[in-house]
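Shown next, in structure tokens, is the structure this report addresses.
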Amino acid sequence: MHSTGHVMPARVGSLLLALTLLTGPAQADPVTIEDVRASEGANGWRFDVTLRHPDTGWDHYADAWQVLAPDGSVLGTRELAHPHVDEQPFTRSLSGIAVPQDADHVLIRARCLVDGWNEGTVRFDLPGR
0 MHSTGHVMPA RVGSLLLALT LLTGPAQADP VTIEDVRASE GANGWRFDVT LRHPDTGWDH
60 YADAWQVLAP DGSVLGTREL AHPHVDEQPF TRSLSGIAVP QDADHVLIRA RCLVDGWNEG
120 TVRFDLPGR
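In numbering that gives the first Met the number 0, the protein residues as written are 0 to 128.
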């Protein structure tokens with residue numbers, strides 16, 4: 000039998016199934032970090048983070064964001080207690096964050112109730128450092 004270089008349909012299905020099992024579920028709409036602002040005060044840093052996510056209600060919404068040190072350790076977590084279906088994008092703040100003196104940047108990551116923490120982070124260079 001002569002091979003034409005085409006993959007047989009049954010093999011395509013098996014290949015797609017194997018790739019799906021290897022990669023796990025895809026995050027269809029991860030939380031997007033649209034903006035980060037920060038200022039240093041007497042009681043630590045204040046972060047204002049703007050998020051976008053296609054919240055559908057109490058069963059699927061952006062439910063948290065974190066400030067991480069450059070080494071990945073958690074400096075603070077802002078829990079989001081309700082969906083923002085009609086308020087997109089939205090900004091929430093977190094104050095009193097102790098950032099290590101030798102850090103010139105932090106990382107921000109966001110979480111969705113259904114999909115969990117985003118795989119990626121957003122680097123934010125600290126003003127004045």
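All C-beta atoms in this analysis are idealised placements derived from N, C-alpha and C, irrespective of residue type, glycine included.
Write down the C-beta distance between THR76 and HIS52 rounded to the nearest angstrom, noting that I regard them as a contact closer than 8 Å. Along the sequence shown, read from residue 1 onward, the residue named residue 76 stands at position 77. Along the sequence shown, read from residue 1 onward, the residue named residue 52 stands at position 53. Their Cβ separation, rounded to whole angstroms, is 17 Å, which puts THR76 and HIS52 out of contact at 8 Å.
Which class does ASP124 belong to by DSSP, given the choice of helix, strand or coil? Indexing the sequence shown from 1 puts residue 124 at position 125. Correct three-state label for ASP124: strand.
7 Å CB neighbourhood of TRP57 in its chain, flanking five on each side removed: Locating residue 57 in the sequence shown gives position 58, where the first residue counts as 1. If we look at TRP57 and ignore the five residues flanking it on each side, its Cβ neighbours are PRO82.
Uninterrupted alpha helix (DSSP H) stretches inside the stretch 18-99 (no shorter than 4 residues): none
Using the Cα positions of PRO99 and ALA68, report the straight-line distance between them to the nearest angstrom. For this step, residue 99 is matched to residue 100 along the sequence shown. For this step, residue 68 is matched to residue 69 along the sequence shown. Going by C-alpha positions, PRO99 is about 8 Å away from ALA68.
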